[in-house]
Amino acid sequence: MQQRFMALWFCYLKTDWIAIRKPELIDIPFVFSQPDHNCVMVTAANNIAQQGGVIPGMRLADAKAILPSLEVLQDKPAREEKLLKAIAEWCIRYTPVVALNLPDGLLLNITGCTHLWGSEAGYVTDIINRFNNKGYVVKAAIADTIGAAWALSRYTENYCIVEPKQQRAALCNLPPAALRLDAITIEKLDKLGFLNIESVLKIPLKELRRRFGGDLILRILQALGEVEEYLKLIKEPDPYEERLHTPELYKTRTGIDIAVQELLKKICERLIAEGNGVRAAILSTYRTDGKIQHLKIGTNKATHDVAHLFKLFELHLNEIKPGMGIELFVLQIPKIDKVDIKQQAIWKGKINIDDNGIIELLDKVAGKIGMQSIYRYLPQENYWPERAIKNSQNIKDIKQTPWRTDLKRPVNLFKRPQPIQVSAPIPDYAPMLFRYKGEVHHVKRSDGPERIEREWWLDEGEHRDYYIVEDQNGYRYWIFRSGHYDKATPEWYLHGHFA
């Protein structure tokens, strides 16, 4: 497919931006200024100021001499880049491939996008009208090359569309400055009488290189399409992305549901063909007032089940506020994985973590309370009980060691052992009673001790002697003494309780 590019030029970017926010500035001459070494320079001037002879790059003192009534605003460093980034984000509704062209322009790869607006003319007209309605003066051009589009956007009345492979003819009558050359090269060409690009193209490239260097040759070849040029995008387009644009605005929940289902069907058809599934998805909605809303979902296991994915989005679709209407839906899949398709037995034994029903249930719960709130326990090889298990949020994690079901362990194990006071302990026997949180528990039965040594390669300290004890109410607890009994004041702890 023939590549097509569009260049946008914001003739008065910063001054239009501030005039939108301060309407009282619209009908008066004003500039932005910024200190530069020992003087203050004009960094931007609005249309009225420029008509009066004030231009960017002029000293502020000279500008005030020309227009004494000039209003002066303080500029900030990198303001152009910040403004253009925000505008570029807005332009993603027209194409996912948008790049900054500092200090006052954008470059868009519009290949395969314009048919949604009927034609290239409809596409560029819609963009220009949108910006004009917001308060920006903008010019645009569409061509096969970035260089040609840039040149014509700067030297056209409103907008220009160059037919495919006609960029040479379109460029001929433009001045050499339209080739994006540095000031020194432009001055040299002007002194030698090169008044337009056609006169430059008549000179052999070898001669041009000798006189003006390689930059002029590169710009000529880029503009003509003989050397490829690449855009530095503000946001890399996701390889798995579907867009739904319609002239009929979506304003109801029913319409939003239909749009999301349609996008999921399209993206899942491709994923099924490739044997892949969704692990994370982002739905972006673009409203007519410029507001962009995002919804994110995640899955524990790769899936291309449209119904399941829609249910995950459905949990949050009420958060989408259509306002005056949604004109574009974009579904991106930033994370995919291979779908593990297993043959299901007719008679299944027990349900495990690989069961699709369990996976889908976890996805739905995570959609409500957050993926970070769901985890499971896995065994790990440590003697210390609190270290013998670990939390895992990854459904694909598998245990590296078997569960020690041969050991008597409490149902509820405290993260940290709780100190208790004991009474009349006898060596190698459980205490007669213990006090925990002000309540006295009389020990009626006990079993132990079970000695668990500390992992000397991890830290130093005493061993633990554990006992299972049952109190007067029939409740069973797991308690331990730290170290040997012959200490002056043995330390006892409660570490958990049984069912």
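Just so you know, the sequence shown maps onto residues 1 to 499 in UniProt numbering. No residue lacks a Cβ here, since even glycine has one placed at the ideal position from N, Cα and C.
Practice problem: Determine contact between the segment 68-86 and the segment 208-223, defined as no fewer than three beta-carbon pairs at a distance below 8 Å. | Solution: no
Exercise. May I ask you to report which of helix, strand or coil DSSP gives leucine 283?
Key: strand
Self-check item: 7 Å Cβ cutoff met for valine 227 and phenylalanine 313
Solution: no
Practice problem: With DSSP collapsed to three states, give me the class of isoleucine 351. | Solution: Summary for isoleucine 351: the model assigns pLDDT 46, below 50, so the residue's position carries little reliability, and this model does not support an answer.
Exercise. Determine the closest residue to valine 365 out of Glu274, Arg409, Pro449, Lys311, with distance taken between C-alpha atoms.
Key: Lys311
Quiz prompt | Contacts around arginine 451, its chain only, beta-carbon distance under 8 Å, and the 5 residues preceding and following it disregarded | solution = His463, Arg464, Asp465, Tyr466
Quiz item: Measuring CB to CB, does isoleucine 282 end up less than 7 Å from lysine 266?
Solution: no
Quiz item: Could you check where the beta strand (DSSP E) with threonine 43 kicks off and where it finishes?
Solution: 39-45
Self-check item: For tryptophan 9, the nearest candidate out of Leu108, Ile92, Ser33 (CA to CA)
Solution: Leu108
Quiz item: Anyone know if the C-beta pair for tryptophan 478 and glycine 461 falls short of 7 Å?
Solution: no
Exercise. Could you tell me if valine 200 is buried or exposed, where buried requires 16 or more neighbouring beta carbons within 10 angstroms of its beta carbon?
Key: buried
Practice problem: Whole angstroms is fine: what's the gap from proline 379's alpha carbon to lysine 301's? | Solution: 22 Å
Quiz prompt | Nearest neighbour of lysine 437, chosen from Ala45, Ser446, Ile420, Asp126 [CA to CA] | solution = Ile420
Quiz item: To which residues does DSSP link tryptophan 17 through a beta bridge?
Solution: For tryptophan 17, which the question treats as bridged, DSSP gives no partner whatsoever.
Quiz item: Are leucine 309 and leucine 264 touching if we call contact CB-CB under 7 Å?
Solution: yes
Practice problem: Buried or exposed for proline 56, please, with buried defined as at least 16 other CB atoms from any protein chain shown within 10 angstroms of its CB. | Solution: buried
Quiz item: Considering only C-alpha positions, which residue in the set Pro410, Arg404, Pro247 is nearest to glycine 118?
Solution: Pro247
Self-check item: Terminal residues of the beta strand (DSSP E) in which threonine 303 lies
Solution: 292-303
Quiz item: Where does isoleucine 346 land, buried or exposed, given buried means 16+ other C-beta within 10 angstroms?
Solution: Low confidence applies here, because isoleucine 346 scores a pLDDT of 36, under 50, leaving its location unreliable and the question unanswered by this model.
Quiz prompt | Burial state of glycine 277 (16 or more Cβ within 10 Å) | solution = buried
Quiz item: proline 164 by DSSP, collapsed to three states: which one?
Solution: coil
Quiz item: Roughly how many angstroms lie between the CA atoms of residue 502 and arginine 93, to the nearest whole one?
Solution: Since the first and last residues shown for the chain are 1 and 499, residue 502 lies out of range.
Self-check item: Residue span of the beta strand (DSSP E) that contains tyrosine 493, given as start and end
Solution: 491-497
Quiz item: DSSP three-state call for glutamate 274: helix, strand or coil?
Solution: helix
Quiz item: Near lysine 14, which residues of its chain fall below 8 Å by C-beta distance, leaving aside the five closest residues on each side in sequence?
Solution: Phe32, Thr43, Ala44, Asp75, Arg79, Glu80, Leu83
Quiz item: Taking one C-beta from the segment 149-157 and one from the segment 169-178 each time, how about it: are there three or more such pairs within less than 8 Å?
Solution: yes
Exercise. Look up asparagine 109 in the DSSP assignment and say whether it is helix, strand or coil.
Key: strand
Practice problem: Confirm, please, whether the CB-CB distance from glutamine 222 to glycine 147 is below 7 Å. | Solution: yes
Self-check item: As assigned by DSSP and simplified to three states, the class of proline 427
Solution: coil
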